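Numbering-wise (my numbering), the sequence shown opens with residue -10 and increments by one.
Here the structure comes first, spelled out in structure tokens, and everything after it is commentary.
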Amino acid sequence: IVTDDQGYGDLHLHGNPKIDTPVLDRLAVQSTRFDRFFVSPLCTPTRASLLSGRYYTRTGAISVTRGLETMRSDEVTIAEVLKQAGYATGCFGKWHLGEHYPNHPIGQGFDEFFGLPTGHWDNYFDPVLQHNTRMVPTKGYITDVLTEAAIRFIYTHRAQPFFCYVPYNAPHTPLQVPDRYFNKYKDRGLDDRTAAIYGMVENIDENVGRLLRCLEELDLANRTVVFFLSDNGAEGPEGSRYNAGMRGMKGSVHEGGSRVPCFVRWPGRIAADRVVSQIAAHIDLLPTIADLCGVKNPKTRPLDGVSLVPLLTGRPTDWPDRMIFTRIPGWRTLVSYTEPVVRNVPRFPGAVRTQRWRLVNEGRGWQLYDMIDDPGQKRDRAAEYPEVVQRLSR
-10 IVTDDQGYGD
0 LHLHGNPKID
10 TPVLDRLAVQ
20 STRFDRFFVS
30 PLCTPTRASL
40 LSGRYYTRTG
50 AISVTRGLET
60 MRSDEVTIAE
70 VLKQAGYATG
80 CFGKWHLGEH
90 YPNHPIGQGF
100 DEFFGLPTGH
110 WDNYFDPVLQ
120 HNTRMVPTKG
130 YITDVLTEAA
140 IRFIYTHRAQ
150 PFFCYVPYNA
160 PHTPLQVPDR
170 YFNKYKDRGL
180 DDRTAAIYGM
190 VENIDENVGR
200 LLRCLEELDL
210 ANRTVVFFLS
220 DNGAEGPEGS
230 RYNAGMRGMK
240 GSVHEGGSRV
250 PCFVRWPGRI
260 AADRVVSQIA
270 AHIDLLPTIA
280 DLCGVKNPKT
290 RPLDGVSLVP
300 LLTGRPTDWP
310 DRMIFTRIPG
320 WRTLVSYTEP
330 VVRNVPRFPG
340 AVRTQRWRLV
350 NEGRGWQLYD
360 MIDDPGQKRD
370 RAAEYPEVVQ
380 RLSR
């Protein structure tokens, strides 16, 4: 389950008293959760990395529009890996990696697709969505509709292994939500924008509850691994709502742009109410899922991610420090309005994260932050630790 533009702070569990997320809070307690889990600061790059196990710059999906959101069709997705192993595969939600075959979900390993192939939908009420290759009218609010489709898929394939990918498009703009959610948060004194976002997140919370109840009703909960995460930090402007004390929001290479919640639940196999402090990232999901399911990683492309199973099972004998990379190539710097030709990808803004350090360059020189002593990134330590800057900036 992947949400869209839900920040780390958009959960009651993460210290936000203004939002109600009882299902997700409970899921977190039932799960092993990664306290320092990182994605890309924008939609498409995260989706490419979590499905392929590779940094998005390898996949061709380097931005969010003008064709630069298209992942190359020869990338091997986790859906293709699991389909080859006998799993039924379904995608229900926002794809944003290419609208047309073979870049479409149906060409990337999914047996069924229901949702929006692009990155943005104008209307969240009674939306016209795509089912496989056909546009179909629907009734209801979009997150409810997508959940219904995912539940139908689970019911249909309950007697066989299945991979159900649910990338919700909320709380991404446009900020549209049923009145009962919006009014609840307006009555708490929040501004229109925050009330709409929190209402959309609470609706997601309820729909995650529906998915989990489906597993319980079918007696599948103990045989199903559930992952929950978001695709990037909360959309700004910075300071507009609670962000757990982090600097940066969506589109930023600072901590708040890419640190997201990540919960992994497998009753009886993965410990409940356990926190992993080691850093991890979206690129780790494919090798982790393959490892958990006992299937082989693809050999056609080098993976950047590693299996997190030792961390999930509490048996890391030697877990070395690592570097997790972030970069934001803005599409306006890559294409011409009159001639859509890809230019040289700029090196900055970019960042490197280790367990202790975050090295950032926004085009104005290196900044270095000690994320253990200074998680809010108040003090630049680059001048004090030039050897760290040199090592991480290579």
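C-beta: ideal position from N, C-alpha, C; glycine also.
Owing to the predicted nature of the structure, the values given are computational and were not obtained by experimental measurement.
Cutoff 6 Å; reference Val53; Cβ partners in own chain excluding five residues on either side: In the sequence shown, counting from the first residue as 1, residue 53 sits at position 64. Annotation for Val53: Leu31, Cys32, Thr33 and Gly108 place their beta carbon closer than 6 Å to its own, counting only its chain and skipping 5 residues before and after.
Environment of Arg36 [buried if 16+ CB atoms lie within 10 Å]: For the purposes of this step, residue 36 is identified with residue 47 of the sequence shown, where counting begins at 1. Buried, by the Cβ-count rule.
Residue from Ala148, Thr132, Leu381 and Val28 whose Cα sits closest to the Cα of Gly75: Within the sequence shown, residue 75 is the residue found at index 86, counting from 1. With distances taken between Cα atoms, Gly75 lies closest to Ala148.
DSSP state of Gln356 mapped onto helix, strand, coil: Position 367 of the sequence shown, counted from the start, is the residue given in the question as residue 356. Correct three-state label for Gln356: strand.
Counted within 10 angstroms of its Cβ, other Cβ atoms place Leu209 as buried (16 or more) or exposed: Here the question's residue 209 lines up with position 220 in the sequence shown. Taking a 10 Å sphere around the C-beta of Leu209, we find fewer than 16 other C-beta atoms and assign the residue as exposed.
Cα-Cα separation, Val18 to Leu201: As a first step, residue 18 is located in the sequence shown; it is residue number 29 there, counting from the start. As a first step, residue 201 is located in the sequence shown; it is residue number 212 there, counting from the start. Whole-angstrom Cα-Cα distance: 14 Å.
Boundaries (first-last residue) of the alpha helix (DSSP H) holding Gln73: Taking the sequence shown and counting its residues from 1, one reaches residue 73 at position 84. Note, Gln73: alpha helix (DSSP H), Ile67 to Gln73.
Those runs of the beta strand (DSSP E) which lie wholly inside the region 70 to 119 and span at least 3 residues: Whole beta strand (DSSP E) segments, 3+ residues: 77 to 83 and 101 to 105.
Interface flag, Leu300 vs chain E, CB-CB below 9 Å: No chain E is part of this structure, which consists of one protein chain only.
With 16 other Cβ atoms within 10 Å as the buried cut-off, status of Gly4: Walking along the sequence shown from the start, residue 4 turns up at place 15. Classification for Gly4: exposed.
Residue environment, Val117, which counts as buried when at least 16 other CB atoms sit within 10 Å: Stepping through the sequence shown from its first residue, residue 117 is reached at position 128. With fewer than 16 other Cβ atoms from the protein chains shown falling within 10 Å of its own Cβ, Val117 counts as exposed.
Start and end residues, alpha helix (DSSP H) containing His296: For the purposes of this step, residue 296 is taken as the residue at position 307 of the sequence shown. Note on identity: in this sequence residue 296 is Ser, with His being the wrong assignment. Bounds of any alpha helix (DSSP H) do not take in Ser296, whose DSSP letter is neither H nor E.
Complete alpha helix (DSSP H) runs within the region -5 to 56 (minimum length 4 residues, chain order): Listed in chain order, the complete alpha helix (DSSP H) runs (minimum 4 residues) inside the region -5 to 56 are 11 to 19, 32 to 41 and 45 to 48.
Sequence-distant residues of the same chain with beta carbon closer than 6 Å to Tyr90, five excluded per side: Walking along the sequence shown from the start, residue 90 turns up at place 101. Closer than 6 Å at Cβ, skipping near neighbours: Gly96.
C-beta atoms of Val242 and Asn221 nearer than 9 Å: Taking the sequence shown and counting its residues from 1, one reaches residue 242 at position 253. Taking the sequence shown and counting its residues from 1, one reaches residue 221 at position 232. Taking C-beta atoms as the reference points, Val242 and Asn221 fail to come closer than 9 Å.
Extent of the continuous alpha helix (DSSP H) to which Pro276 belongs: For this step, residue 276 is matched to residue 287 along the sequence shown. In the DSSP assignment, Pro276 falls within the unbroken alpha helix (DSSP H) covering Leu274 to Cys282.
Short Cβ contact (9 Å threshold) for Ser229 with Thr162: One-based indexing of the sequence shown puts residue 229 at position 240. One-based indexing of the sequence shown puts residue 162 at position 173. Result no, Cβ atoms of Ser229 and Thr162 do not sit closer than 9 Å.
Beta-ladder partner(s) of Phe314, from DSSP: Within the sequence shown, numbered from 1, the residue matching residue 314 stands at position 325. Assignment of beta-bridge partners to Phe314 by DSSP yields Val341.
Selection from Arg22, Pro309, Tyr358 and Pro156 that minimises the alpha carbon distance to Pro94: As a working mapping, residue 94 is identified with position 105 in the sequence shown. Residue Pro156 holds the alpha-carbon nearest to the alpha-carbon of Pro94 among Arg22, Pro309, Tyr358 and Pro156.
Ser41 burial status per 10 Å Cβ neighbour count (16 or more: buried): For the purposes of this step, residue 41 is identified with residue 52 of the sequence shown, where counting begins at 1. Buried, by the Cβ-count rule.
Where Tyr154 falls: helix, strand or coil (DSSP): Here residue 154 refers to the residue found at position 165 of the sequence shown. Looking at Tyr154 - three-state DSSP - the assignment turns out to be strand.
Given Phe81 as reference, the closest of Arg304, Phe99, Val12 and Trp110 once Cα atoms are compared: As a working note, residue 81 is residue 92 in the sequence shown. For the residues Arg304, Phe99, Val12 and Trp110, the minimum Cα distance to Phe81 belongs to Phe99.
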